[in-house]
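A.B. asks:
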Amino acid sequence: MFTKAWKEIKNGQIAPVYCIYGEESYFIDETIKRIKEALNTAEEAEVMTFDMDEQPVDLVIDEADTFPFFSERKLVIAKNASFLKASEKGKEKIEHDLKRLENWLAHPSDFCVTLFIAPYEKLDERKKITKAVKEKSILLHAETPKENDLATWIRSEVKGFEKSITDDAVDKLVEMVGANMLQLQIEIEKMALYLGEEGQITVHLVEELVAKTLEHDAFKMLNAYLSRNVSEALQIYHDLLRQKEEPIMLVGLLASNIRTMSNVYYLQKKGYHPNQISKQLKIHPYRVKLMLENRQRPNEERLLKALKNLSEVDLKLKSISGNRERYLEMFLLKAL
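For the sequence shown, this note's numbering begins at 26 and goes up steadily by one.
1. Just mark A131 as buried or exposed, buried being the case when its beta carbon has 16 or more other beta carbons within 10 Å.
2. For S189, which residues does DSSP report across the bridge?
3. Is D76 helix, strand or coil by DSSP?
4. How long is the line joining the alpha carbons of G47 and V158, rounded to whole angstroms?
5. Run through DSSP, which three-state label would I308 get?
6. Give the list of continuous beta strand (DSSP E) stretches no shorter than 3 residues that lie fully inside the stretch 157-222.
7. Report the residue from S252, M274, K295, P299 whose alpha carbon sits nearest the alpha carbon of L340.
8. Taking only heavy atoms of the ligand PLP into account, decide whether any of them is closer than 7 Å to the Cβ of E337.
9. Is the beta carbon of V72 less than 8 Å from the beta carbon of L100?
10. Enumerate in chain order the residues of its own chain whose CB-to-CB distance from K32 is below 7 Å, with the five nearest sequence positions on each side excluded.
11. Could you check the C-alpha separation between L230 and A40 for me, to the nearest Å?
12. Residues in its own chain within less than 7 Å of D135 by CB, not counting five upstream and five downstream?
13. On the DSSP bridge assignment, give the partners of F141 in chain order.
14. Take S287 and list the residues in its own chain whose beta-carbon comes closer than 6 Å to its own, dropping the five residues that flank it on each side.
15. For the structure I just gave you, are there three or more beta carbon pairs, one from the stretch 193-200 and one from the stretch 161-168, closer than 8 Å?
16. Using the Cα positions of Y352 and L342, report the straight-line distance between them to the nearest angstrom.
17. Keeping to the same chain, check which residues put their C-beta closer than 7 Å to that of T74; ignore five residues upstream and five downstream.
18. DSSP state of V235, grouped into three classes?
19. Taking the alpha carbon of K333 as the reference point, which residue from V289, S303, G277 has its own alpha carbon closest?
Right under this line is the structure:
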């Protein structure tokens, strides 16, 4: 959907009203960037931004109906369009004239591009204003692509730099960065610039250049621990300590990963498909894939025992003074 909209924007076929809903900020930021480029709005005065949590929608309509000074068309951005999602009556911070907005949507200004941003997972389909926005605007859903689509998107981004990437490198990149598309884009650009005249991104290059996240390192440390690879687990832990990471935060991340693993394996036993597990637990399909493809998968008893031991470490960190780093280190040394 975004690919089609971006192509039309590039070709000058820009709609008067867009609405982007969803929680993937990459698509929101990229769409704004592409509209700005298409409109050639170099002057800051030609881009007006309103926050619907703090300002009434009347201001958006008034601005959209005011002729631009420096260009043929201007861009008006309405952030946090919370009137499009479900909410309790009386809980709204701002009162919006939605009837006026409905009437305006039927005849929007042709000298302005108005972009409503609703950074929420779902819109309230029961509301009249939601139906009006769906009918009168270009509606785009900003959600993180599924596993195969994400891999395709990565290859497309790499191709844009006239490079290629191996399948293993794609997997490693997603494993290290996760499904954060903005961060993926940054890492791809960095690797492409580093390659220079060379043409291919490999696993080795990903491991060498991609910035490691705390979540990735914690997951890798847990896998080493559960695989009884004590030396690797300790090496990762000591690296994190040198980066000034707090042991109590690491305990929380390890426990969270164990609970997620346990839930993934439980749902698989119940016959859930990986995509269903991902949706049920609200985690990215690639993370589910990594857990299910683990050849040294721990059983339920080991996971519960590890969780119990971590709770004891957590208690010591919160109640006993002394060498705080030592408590988690002792946990890692006693491989189950």
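Virtual Cβ for every residue (Gly too), placed ideally from N, Cα, C.
Since the structure is predicted, the reported quantities are computational estimates derived from the model, not experimental observations.
C.D. replies: To lay it out plainly:
1. On the sequence shown, position 106 is the one that residue 131 refers to. By the 10 Å Cβ count, A131 comes out exposed.
2. Along the sequence shown, read from residue 1 onward, the residue named residue 189 stands at position 164. DSSP output for S189 lists Q225 as bridge partner(s).
3. Here residue 76 refers to the residue found at position 51 of the sequence shown. D76 falls in the strand class under three-state DSSP.
4. Along the sequence shown, one-based indexing puts residue 47 at 22. Along the sequence shown, one-based indexing puts residue 158 at 133. G47 and V158 have their alpha carbons spaced roughly 15 Å apart.
5. The residue you call residue 308 lines up with position 283 of the sequence shown. Note: I308 maps to coil in three-state DSSP.
6. Runs found: 163-166.
7. Sequence index remark: in the sequence shown, residue 340 carries index 315 (1-based). Of the listed residues, the one whose Cα sits closest to L340 is M274.
8. Of ligands this structure carries none, so the ligand PLP is not represented either.
9. If you number the sequence shown from 1, residue 72 lands on position 47. If you number the sequence shown from 1, residue 100 lands on position 75. Yes, Cβ-Cβ distance for V72 and L100 is below 8 Å.
10. By 1-based counting over the sequence shown, the position of residue 32 is 7. Nothing meets the Cβ criterion.
11. On the sequence shown, position 205 is the one that residue 230 refers to. On the sequence shown, position 15 is the one that residue 40 refers to. One C-alpha to the other measures close to 41 Å.
12. Mapped onto the sequence shown, residue 135 falls at position 110. A distance below 7 Å between beta-carbons, with the five flanking residues on each side excluded, links D135 to the following residues of its chain, in chain order: P41.
13. Walking along the sequence shown from the start, residue 141 turns up at place 116. BP columns for F141 point to C44, A103.
14. Position 262 of the sequence shown, counted from the start, is the residue given in the question as residue 287. Correct list, in chain order: L328.
15. Between the stretch 193-200 and the stretch 161-168 there are fewer than three inter-stretch CB-CB distances shorter than 8 Å, so the stretches are not counted as touching.
16. As a working mapping, residue 352 is identified with position 327 in the sequence shown. As a working mapping, residue 342 is identified with position 317 in the sequence shown. Pairing Y352 with L342, the inter-Cα distance amounts to about 7 Å.
17. Position 49 of the sequence shown, counted from the first residue, corresponds to residue 74. Cβ neighbours of T74 beyond the five flanking positions: I102, K104.
18. Taking the sequence shown and counting its residues from 1, the one referred to as residue 235 is at position 210. Secondary structure at V235: coil, using DSSP grouped into helix, strand and coil.
19. Taking the sequence shown and counting its residues from 1, the one referred to as residue 333 is at position 308. G277 is the residue among V289, S303, G277 whose C-alpha sits nearest the C-alpha of K333.
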